[in-house]
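One structure below.
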Amino acid sequence: MARLTIRQIEKSDLDKMDCTFKSELGRTHADDLHDQSLSDISFFVAWLDGNPVGHTLVRWLGPRDAAVREDYPNCPEIYRLRVLKEFRSQGIATAIISKCENEALKRDCLLIGLGTHSNITSKDNLYIRLGYKPSTAGNYIDTYKTRSDNGTVATIRKEAQFLIKRIGD
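Position one of the sequence shown corresponds to residue 13 (the working numbering), numbered consecutively onward.
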């Protein structure tokens, strides 16, 4: 049985990451590696048999959305959590989130949060099952750009909510 390892991205990982995962429009995995070197973020990658199967980033400067950041200025945000389709429902996302929570505890954080769509239900959502609860920040509009397979760039705006979990005392 293969063993899952989760660690921060390294320069030597960039080729495999670029071949496996699309990066956010206008950014590269190398950009994320650079931000990690500044301690602004941590870019965690899940590896199985030497291949990346999932990843996420943690922003240590507080939530990306300015309004949410006003309410939770010291709350790191987990974002861009991805697991390859063929590896879903195997505990990989849970392991990645746990890695983020443990790193936040090492940094003496009391809370950790993440943005998700605004109409989640507890029966089908991993975040709720892991103890994340709606914050007092209310809903906000998450805006980002993406490129379709045919090269068209689209701006996505969707209603989101910020979930938080108390991890420290």
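Glycine is no exception: its CB is placed at the ideal position from the N, C-alpha and C atoms.
_Buried or exposed (CB count within 10 angstroms, at least 16 for buried), A58_ = buried
*Give the DSSP bridge partners of D154, in chain order.*
K170
*Could you check how far apart the C-beta atoms of G125 and L175 are, in whole angstroms? I think they sit under 8 Å.*
6 Å
*asked:* With three or more C-beta pairs closer than 8 Å as the rule, is the segment 148-155 touching the segment 96-108?
replied: no
*asked:* I'd like to confirm the pairing. Which residues does DSSP put opposite F99 in its beta bridges?
replied: In DSSP, F99 forms no bridge with anything.
*Taking DSSP as the reference, what is the three-state secondary structure of Y91?*
strand
*Assuming A79 and A172 form a contact by the criterion Cβ under 8 Å, report the distance between their Cβ atoms to the nearest whole angstrom.*
With a Cβ gap of about 11 Å, A79 and A172 do not count as contacting.
*For the candidate residues T32, D52, L26, R178, whose alpha-carbon lies nearest to that of A42?*
L26
*Under the three-state reduction of DSSP, which class applies to I124: helix, strand or coil?*
strand
*From D83 to N131, what does the alpha carbon distance come to, in whole angstroms?*
21 Å
*Going by beta carbon distance, what residues of the same chain come within less than 8 Å of R169, once the five residues before and after it are set aside?*
I153, D154, T155
*Would you grab the beta carbon distance between P64 and T17 for me? Rounded to a whole angstrom, and I think it's under 8 Å.*
With a Cβ gap of about 11 Å, P64 and T17 do not count as contacting.
_Along the chain, where does the alpha helix (DSSP H) containing N114 start, and where does it finish?_
104-118
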